[in-house]
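First the structure, in the form of structure tokens, and then the observations on it.
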Amino acid sequence: MKRKYIFLVLAIIGVCYTWYFNIQFYITEENTSILNYIAQTKTTFPAQSYGADLLVVVAVFFVWYIPDAIRLKIRYWWILIPLTFLVAIAFTFPMYLYMRQHKMDQLNAQKTS
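First residue of the sequence shown? That's 12 in our numbering, and the numbers climb one at a time after it.
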């Protein structure tokens, strides 16, 4: 299997795995507001640790991927910014790696032809 397809599979797993828990929240909670959702992420120290960890990961991802996408002229790279917050970094990070690998494959094919 080509590496880019591994990234695509990981992106699909990332969206399914994270949204399973989001759906559980909406099924089981009476107050499904975004404010309640965010408040519940701060209820325990381990949850706060995961939140801090993800904020750093998102910041590093943006610092790296935005200039990289512009340099490689990857189409539609900007859509990953809102999707990171609306879906999950577990989806957008491997999705960007898929998009990047696809672009690299195209560039390599142009060099060999």
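Heads up, the beta-carbon is just placed ideally off N, CA and C, and yes, glycines get one too. All of these numbers come straight from a predicted model, not from anything done at the bench.
Practice prompt. For W88, I'd like the list of residues in its chain whose CB is within less than 8 Å of its CB, leaving aside the five on either flank, ordered along the chain.
Written response: Y76, I77, A80, I81, Y107, M110
Worksheet item: To the nearest angstrom, how far is it from the Cα of V68 to the Cα of Y61?
Response: 10 Å
Worksheet item: Helix, strand or coil for I100 per DSSP?
Response: helix
Item to complete: Determine the direct distance from the alpha carbon of F104 to that of F72, and round the result to whole angstroms.
Response: 7 Å
Item to complete: Run the CB neighbour count on L19, radius 10 Å, all protein chains shown included, and call it buried at 16 or more, exposed below.
Response: buried
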